[in-house]
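> I have a structure I would like to understand better, so I am pasting it below and will then ask my questions one at a time.
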Amino acid sequence: MKLKLTSVALSALIAASPAMADLVFPDLSYRTGPYAAGGIPFSDGYNDYFTLVNERDGGIGGVKARVIECETGYNTEKGVECYESTKGEGALIYQPLSTGITYQLIPKVTADGIPLHTMGYGRTSAANGKVFSNVFNYPANYWDGASGVINHLLEENAGDLDGKKIALVYHNSAYGKEPIRTLEELGKKHGFELSLLPVDHPGQEQKSQWLQIRRDRPDYVVMWGWGVMNQVAIQEAANIRFPMENFIGVWWSGSDHDVIPAGAKADGYKAVTFHNVGDDFPVFDDMRKYVVDKGLAAGAGDQVGKVAYNRGMYAAMLAVEAAKTAQEIHGTAEIDASMMRDGMEALSITAEKMDALGMANFGPAFNVSCENHGGPGLVGVTQWDADTQTWSLISGFNPTDREVIGTLVAEDSASYAAENNIEERCN
């Protein structure tokens, strides 16, 4: 079941409806605004996986999943409103798909006892479960993404980046600023020169940034963008004839809608990832059989197998597996948010489990623990083929620099704990 509601309409429904026994998964979506191109397929994949589980499996442990969709427009204030409007519906987990919303929700979910999953975004130091009891960002975070980029460039240069010039083109927001310190530390370690080029919301104006790139002639450009900013950047790079194989984005800058507008000129563009690409997995056969062909898809069904759709589906799969884990831990199918949190903290994603789900090699195997809410931080690299209009995974899911990232996570989480009088747990 799906409900697509504004926060106002949702409040009215909650007041008028009896309590339901379904397992509730809010979807703080954005199908409108300059970031809708990424928000729509992600929410389609998120919704469709729960529908698949309901139709194919009869729900989660015999209990149907219910998705409540609330439109945020990628606006932090609206995102908080959606949270407040839906949490009383029995919400088990929130996935806000916004770093700005995440920062506002961290203290709220902690006080309310509801888990928050910010897969590949949000506050990176939330990987430290000793400080952030209710926040999870497995299987990888922004700083893993930054390290994954540099690791790939090291491979491209026989392990030596000394004297290389790397420009970071980033969304001028909390999201876009996340990798800066990590890249600065990696620059000190590997000897490359980092230049910073912020792009203001929503990202349509980038002429000055790319003129500077043409003037400075960096060896590589790294992009931390989202929404319309990405396709504009790729077109601007093509306009100045910057070599696409030297242009690499974070996972939020590596979707189909980012590269297609530039046509053949986008060929060779790269992006890091924490999950696989394409639709050559058995789970998609089930998705078409039980969801799309039955007219139950959240969208038109044309996004199945696209990067952002796959990511939304992956996020939903991890939520479902955490719910199953919670049911096993607590011996009941009708879990609440606190039980869901326990399931997330005990989540184990094995290769055997992924194979059984029809998702073998779709993402890395990993375990979550009280201390580690961030997973293993394994990162792969994808590349766009403009002729076939497909992404390919051109590397394995490889380790990132745990020494640099671990130090930054410890420092940032310690500062947060001190500011908020939080005592470390897991002792």
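Be aware that the sequence shown starts at 439, since it is given in the numbering used here, and climbs by one per residue. Note that CB positions come from ideal geometry on N, CA and C, so glycine has one too.
Per the DSSP calculation, D823 is bridged to which residue(s)?
BP columns for D823 point to T828.
> Determine the contact status of I552 and M778, defining contact as a CB-CB distance below 9 Å.
Yes, Cβ-Cβ distance for I552 and M778 is below 9 Å.
> Flag V569 as yes if its beta-carbon sits less than 9 Å from any beta-carbon of chain B, otherwise no.
Here there is only one protein chain, and chain B is not present.
> Going by beta-carbon coordinates alone, are I478 and A746 separated by less than 9 Å?
In this structure, A746 lies closer than 9 Å to I478 by Cβ.
> Give the C-beta separation of L461 and A503 to the nearest angstrom, bearing in mind that I take them to be a contact with Cβ-Cβ under 8 Å.
Indeed, because the Cβ distance is near 5 Å, the residues count as touching under 8 Å.
> If you scan the region 672-756 from start to end, which runs of the alpha helix (DSSP H) of 4 or more residues do you find wholly inside it?
694-697, 720-725, all fully within the region 672-756.
> For the alpha helix (DSSP H) containing C520, name the first residue and the last one.
Where C520 is concerned, the enclosing alpha helix (DSSP H) stretches over 514-524.
> Kindly indicate which residue of D718, T711, A671, N566 has the alpha-carbon position closest to the one of K703.
Checked all of D718, T711, A671, N566; the closest Cα to K703 is A671.
> Run the CB neighbour count on K843, radius 10 Å, all protein chains shown included, and call it buried at 16 or more, exposed below.
Note that residue 843 is Ile in the sequence shown here, rather than Lys. Flag for I843 reads buried.
> Just mark A474 as buried or exposed, buried being the case when its beta carbon has 16 or more other beta carbons within 10 Å.
Buried.
> Could you give the DSSP three-state label for D582: helix, strand or coil?
D582: helix per DSSP, three-state reduction.
> What residue ranges within the region 783-825 form continuous alpha helix (DSSP H) runs of no fewer than 4 residues, ordered along the chain?
Whole alpha helix (DSSP H) segments, 4+ residues: 789-794.
> Determine the DSSP secondary structure at L634, reduced to helix, strand or coil.
Strand, per DSSP.
> Is it buried or exposed for P656, if we count other Cβ within 10 angstroms and need 16 for buried?
So P656 counts as buried.
> Just how far apart, CA to CA, sit P472 and P640?
About 6 Å.
> For S851 and G500, I'd like the C-alpha separation in whole angstroms.
One C-alpha to the other measures close to 38 Å.
> Which one of D774, H590, P534 has the shortest CA to CA distance from N575?
Considering only alpha carbons, the answer is P534.
> Look at the Cβ atom of V697, then the Cβ atom of A605, and state whether they are nearer than 9 Å.
Their beta carbons are not under 9 Å apart, which means V697 does not touch A605 by this criterion.
> Pull up the distance between the alpha-carbon of A856 and that of T524, whole angstroms please.
Roughly 31 Å between the two C-alpha positions.
> May I ask you to report which of helix, strand or coil DSSP gives R504?
Looking at R504 - three-state DSSP - the assignment turns out to be strand.
> At the level of alpha carbons, what is the spacing between G781 and G586?
Their Cα atoms are separated by approximately 28 Å.
> Quick check on the burial criterion: 16 or more other C-beta atoms within 10 angstroms. Buried or exposed for P617?
With 16 or more other Cβ atoms within 10 Å, it is buried.
> Do A564 and L816 come within 9 Å of each other at the CB atom, strictly closer than that value?
No, they are not a contact pair.
> Among T514, Y468, G701, V569, whose alpha-carbon lies nearest the alpha-carbon of E849?
Closest option to E849, Cα to Cα, is V569.
> Are I539 and G558 close, meaning C-beta to C-beta below 9 Å?
For I539 and G558, no; Cβs fall outside 9 Å.
> Taking the Cβ atom as the reference point for each residue, do T711 and V819 lie within a distance shorter than 9 Å?
Yes.
> So W581 and G706 are supposed to be a Cβ contact under 8 Å. How far apart are they, rounded?
Contact doesn't hold; Cβ gap of about 26 Å is too wide.
> Give me the Cα-Cα distance between G583 and C808, rounded to the nearest whole angstrom.
Distance between the alpha carbons of G583 and C808 is about 23 Å.
> My guess is that Y541 and R561 are in contact by the Cβ rule of under 8 Å, so how many angstroms apart are they, rounded?
Confirmed, about 6 Å.
> Quick check on Y854: does DSSP put it in helix, strand or coil?
It is helical.
> Judging by CA-CA distance, which residue of G743, M682, L530 is the nearest neighbour of S693?
The residue with the shortest Cα to Cα distance from S693 is G743.
> Among the residues of its own chain, which have a CB less than 6 Å from the CB of D839, if the five just before and after it don't count?
Here the set comprises S585.
> Output the distance between the C-alpha atoms of A529 and E772, rounded to the nearest integer angstrom.
In a straight line, the C-alpha of A529 is about 12 Å away from that of E772.
> I believe G567 touches E790 by the beta-carbon criterion, under 8 Å. Please report the beta-carbon distance rounded to the nearest angstrom.
25 Å between Cβ atoms; not a contact.
> Quick one: grab the DSSP three-state call for V573.
Correct three-state label for V573: strand.
> Go through its chain and collect everything with a Cβ distance to Q827's Cβ below 6 Å, but skip five positions before and after it.
So the list is empty, once near-sequence residues are dropped.
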